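Protein chains in written order, with my numbering: chain A, 2 to 525; chain B, 149 to 400. Every residue, glycine too, gets a C-beta built ideally from N, C-alpha and C. Note that the structure is a prediction, hence the values are computed from the model and not measured. What follows is one structure encoded as structure tokens, with my remarks underneath.
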């Protein structure tokens, strides 16, 4: 009788329900969604590995990818199985203790895939007994979580016109939310929700208006038709407001703003959408009329905290444009904004949060030097918020670029850049992992890196912050002081985010370093 | 190389269709190509294409870009694993730049007057360049190998470099002096560096590596240890040497 009960309950356990996703913190051994929870915290409540013992961290196993494309995945872990995506659009299930492959999904792609910045993928989503992956040829695919068999495969958009998917989907309630990439191809951006069981489109929110809509007035002439505003980084969700929070990308063309005078809504925005209907509740535009390719595609961090004496529901956003923003996430009201890295393009922000631009900072044919660089002060890789230290951790880049203005003739399926960029000859670029006090933006500590990072951070209840350098090292810092406690050279530029899980009672920390996934544990 | 990093963000898509002949060669195209060239290329190749730390472009036939298509491809995608970067210009701009580059080769550039054979002698004997530089199978290890230098750099740049090397030190070149906790001091040329360690070549030519945690003092100077030959070589010797280096195209 007991045995029968156990056997019955096992498959039930493996089902990932919305309830489990909502309460992700209650099962710290698993990592159920891209950022660890819906609030974008990338925080692990596990505390077997601590500031006291992290010096003994050592590889438990390594998984080598066959692809030499950038390996950007955040693994998900559910009940002893790890799900990773691999470039270009593959999915692999691994045993969390041995690193051995359980199943693989290998996608056949057309020869001429159009994607601006590498055939990459940042991870999968899981709900019920399905695993979801977006593909660089712009499909959304649902796989059986036990076998990897394809349950359904829907076309999100046409890759021939430069639409592709690199973002990890977000599974919420009964929906799979998936963004689109293609901001360098003059696409019309959108955010989609699909029925998790059937793959039927539930709603689509266009991030660029259609003719006659009021936002079309923020684009000169018919320039909205190539408006871009892609949605290629996973957002956050608040069950209390039932709102999805998602960042949008650069307006198209990237560096030639002359052909699209106006604010260019909803490019470079944070949009708040009703989960059930996809209707816009509010938006906030960080960089109106962007001419530097500063996508607002960072991970929004949701916290409840006292702000100037009032308890408030906040949204924290360290933007690629080098300003740190705090918004009220119920209303979208701008509360705070200040630079957190070197910037030379704005005098500051006005009371509404709109940047006051400095003259002479637009791209030119001869080239214009501006900080931050195209890659920005921060980018798609994740920040982390620790409810223990109450710090927001951000891997920050300190570098500038020479921005060029160029032609902007649209040809379907070709890049629509309107210029270009290069690094500043002789500039000493650098980077830092910084701990901020979220409600003031004050720096609590800073840990300097020799070169600007391309990877995110994880904080844990063990008073640790994990991160990495562009030079190949993974590192662990004391979350309270920023002191270096552990490091490991993984042998290749790190372009991903760390996560943590537990298996058989043991805590592991995982991150892709170069083209391999490394999984660490305490030396037995 | 550090400065290549931004280009890794954008992957340059493989060409869809490149015509054989440059379709944008009017005077207006060349004029626009010149503007693009001045902004993006002149810093390395020089305003007239012959004086830069980039290859000499002011030649009637470019060794690696004799055909329009290959010139287009080099400007678009760069030359992998060299300092020559790719570019995000659109097709028309690439062709206009190519048209201007092509026009550079139609104007005779300052002729190389020296005698290459005599220059080889200067290189080996009076200049003592082999103390620091390798050429083919002989020479030292302190400076970069000069094999194929004539394919990478223009004659005017080579001349300027020999006369006054300090005027144009490469961005990533560092002379390093360090003292270890054990009290050892060392000077050398930086080979690589990261947040935690530094690798250098000492003046005997041997590679050395240190943890930064073991170093008490680390000074890096962005200045060269190549001696200036201003006044040490006659004009004739200098011109001969430049002719020798400009003709050094390496194993083809």
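Query - Below-8 Å beta-carbon distance, residue 450 of chain A vs any chain B residue - result: yes
Query - Secondary structure of residue 252 of chain A, DSSP reduced to three states - result: strand
Query raised in the report: When you compare each of A/365, A/438, A/379, A/381 to residue 183 of chain B by their alpha carbons, which one comes out closest?
Result: A/365
Query raised in the report: Which bits of chain A does residue 188 of chain B rub up against, with CB to CB less than 8 Å?
Result: 368, 405, 421, 423
Query raised in the report: Are three or more beta carbon pairs between the region 377 to 388 of chain B and the region 307 to 314 of chain B nearer than 8 Å?
Result: yes
Requested in this report: Check whether the region 347 to 363 of chain B touches the region 281 to 291 of chain B, counting contact only when three or more Cβ pairs, one atom from each stretch, lie closer than 8 Å.
Outcome: yes
Query raised in the report: Taking the C-alpha atoms as reference points, what is the distance between residue 41 of chain A and residue 459 of chain A?
Result: 11 Å
Requested in this report: With 8 Å as the threshold, decide whether the Cβ of residue 524 of chain A is near any Cβ in chain B.
Outcome: no
Query raised in the report: Taking the beta strand (DSSP E) that residue 218 of chain B falls in, what are its first and last residues?
Result: It is not in any beta strand (DSSP E) - residue 218 of chain B instead sits in the alpha helix (DSSP H) that spans 216 to 225.
**Report entry** Length of the line joining the Cα atoms of residue 72 of chain A and residue 55 of chain A
**Finding:** 25 Å
Report task. Look at residue 395 of chain A and residue 453 of chain A and say whether their C-beta atoms are less than 8 Å apart. Result -> no
**Report entry** Of the listed residues A/477, A/361, A/191, nearest to residue 279 of chain A (C-alpha basis)
**Finding:** A/191
**Report entry** residue 185 of chain B: first and last residue of the uninterrupted alpha helix (DSSP H) it sits in
**Finding:** 175 to 188
Requested in this report: Name the two residues that bound the continuous beta strand (DSSP E) containing residue 180 of chain A.
Outcome: 176 to 180
Requested in this report: Mark residue 353 of chain A as exposed unless 16 or more other C-beta atoms lie within 10 angstroms of its C-beta, in which case mark it buried.
Outcome: exposed
Requested in this report: Look at the Cβ atom of residue 283 of chain B, then the Cβ atom of residue 295 of chain B, and state whether they are nearer than 8 Å.
Outcome: yes
Requested in this report: Would you kindly check if the distance between the Cβ of residue 251 of chain A and the Cβ of residue 294 of chain A is under 8 Å?
Outcome: yes
**Report entry** Where the region 334 to 345 of chain A meets chain B: residues whose CB sits under 7 Å from a CB there
**Finding:** none
Query raised in the report: Between which two residues does the beta strand (DSSP E) harbouring residue 249 of chain B extend?
Result: No beta strand (DSSP E) holds residue 249 of chain B; the alpha helix (DSSP H) holding it covers 239 to 252.
Report task. Put residue 267 of chain A into one of helix, strand or coil per three-state DSSP. Result -> coil
**Report entry** Distance between residue 21 of chain A and residue 328 of chain A (C-alpha atoms, nearest Å)
**Finding:** 28 Å
Requested in this report: Please list the residues of the region 219 to 244 of chain B that have a C-beta atom closer than 8 Å to any C-beta atom in chain A, keeping them in chain order.
Outcome: 233, 235, 236, 237, 238, 239, 240, 241
Report task. Please confirm if residue 4 of chain A has its CB atom under 8 Å from at least one CB of chain B. Result -> Its pLDDT being 44, under 50, residue 4 of chain A is placed unreliably by the model, and nothing is read from it.
Query raised in the report: When the Cβ atoms of the region 17 to 37 of chain A are set against those of the region 207 to 225 of chain A, are three or more pairs found closer than 8 Å?
Result: no
Report task. Evaluate contact between the region 175 to 185 of chain A and the region 126 to 143 of chain A, counting only Cβ atoms and requiring at least three cross-stretch pairs below 8 Å. Result -> yes
Query raised in the report: Any heavy atom of ligand 2 within a distance shorter than 7 Å of the CB on residue 356 of chain B?
Result: In the structure shown, ligand 2 is absent, as is every other ligand, since no ligand is present at all.
Query - Per-residue contacts from residue 1 of chain A into chain B (C-beta, under 9 Å) - result: The structure shown does not extend to residue 1 of chain A, since chain A is modelled only from 2 to 525, so the question has no answer here.
Report task. Determine the chain A residues that contact residue 184 of chain B at a beta-carbon separation under 7 Å, and present them in chain order. Result -> 366
Query raised in the report: Helix, strand or coil: which one does DSSP assign to residue 160 of chain A?
Result: helix
Query raised in the report: In chain order, what residues of the region 465 to 490 of chain A put their CB closer than 7 Å to some CB of chain B?
Result: 470, 472, 474, 488
**Report entry** 8 Å Cβ cutoff, residue 426 of chain A in contact with chain B
**Finding:** yes
Query raised in the report: What residues in the region 362 to 384 of chain B have a beta carbon less than 7 Å from any beta carbon of chain A?
Result: none
Query raised in the report: Which whole-angstrom value describes the C-beta separation of residue 326 of chain A and residue 315 of chain A, a residue pair presumed to lie in contact below a C-beta threshold of 8 Å?
Result: The pair is not a contact, with the Cβ atoms about 10 Å apart (cut-off 8 Å).
Requested in this report: Using a Cβ-Cβ cut-off of 8 Å, state whether residue 319 of chain B counts as contacting chain A.
Outcome: yes
Query raised in the report: So, does the CB of residue 191 of chain B fall closer than 8 Å to a CB anywhere in chain A?
Result: yes
Query - Presumed contact (8 Å Cβ cut-off) between residue 245 of chain B and residue 181 of chain B, rounded CB distance - result: 5 Å
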